[in-house]
Amino acid sequence: QTRELAKIQLEILLGASPALKPGGILLYSTCSLAPEENQHVIEQFLARVKGFKLVAVHLPVIPEDLRATAEKGWLQFLPQRHGTDGFFMARLLKVKNS
Numbered sequence: 054q055t056r057e058l059a060k061i062q063l064e065i066l067l068g069a070s071p072a073l074k075p076g077g078i079l080l081y082s083t084c085s086l087a088p089e090e091n092q093h094v095i096e097q098f099l100a101r102v103k104g105f106k107l108v109a110v111h112l113p114v115i116p117e118d119l120r121a122t123a124e125k126g127w128l129q130f131l132p133q134r135h136g137t138d139g140f141f142m143a144r145l146l147k148v149k150n151s
């Protein structure tokens, strides 16, 4: 089921991305802990769609152990570490039309 969900999630990103103008932000998020639905979807998207890049995630409070990945453009909260539900987000900037 994870593979099928990841495929659908990638299709949603691919479908939504043309709607953005250069300078627009596309925020991808899931409540999954599976890399296949998170980092792998983003990697596939960036490999297929030119003109987007990951940009730093800015939140009022970011746990110390997430600051390095937040600067790279994504965060993943883990229930056992952060006392939250599992959550992933990636911030994509459209730099040019593909």
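54 is the number of the first residue of the sequence shown in our numbering; add one for each residue after it. Virtual Cβ for every residue (Gly too), placed ideally from N, Cα, C.
Residue i lies in the alpha helix (DSSP H); which residues open and close that run?
| i | result |
| --- | --- |
| L79 | From DSSP, L79 is part of no alpha helix (DSSP H) but of the beta strand (DSSP E) over 78-83. |
| K125 | 120-125 |
| L67 | 55-69 |
What does DSSP give as the partner residues of residue i in its beta bridges?
| i | result |
| --- | --- |
| Q92 | None, per the DSSP bridge assignment. |
| L128 | M142 |
| K147 | F105 |
Since I believe residue j is in contact with residue i (beta carbons under 8 Å), could you give me their beta-carbon distance rounded to a whole number of angstroms?
| i | j | result |
| --- | --- | --- |
| G139 | L86 | 4 Å |
| H135 | P113 | Between P113 and H135 the Cβ distance is about 15 Å, and since that is not below 8 Å, they are no contact. |
| Q62 | E90 | 6 Å |
I need the boundaries of the beta strand (DSSP E) containing residue i, first residue and last residue.
| i | result |
| --- | --- |
| K106 | 105-107 |
Is the CB-CB distance between residue i and residue j below 8 Å?
| i | j | result |
| --- | --- | --- |
| L73 | K147 | yes |
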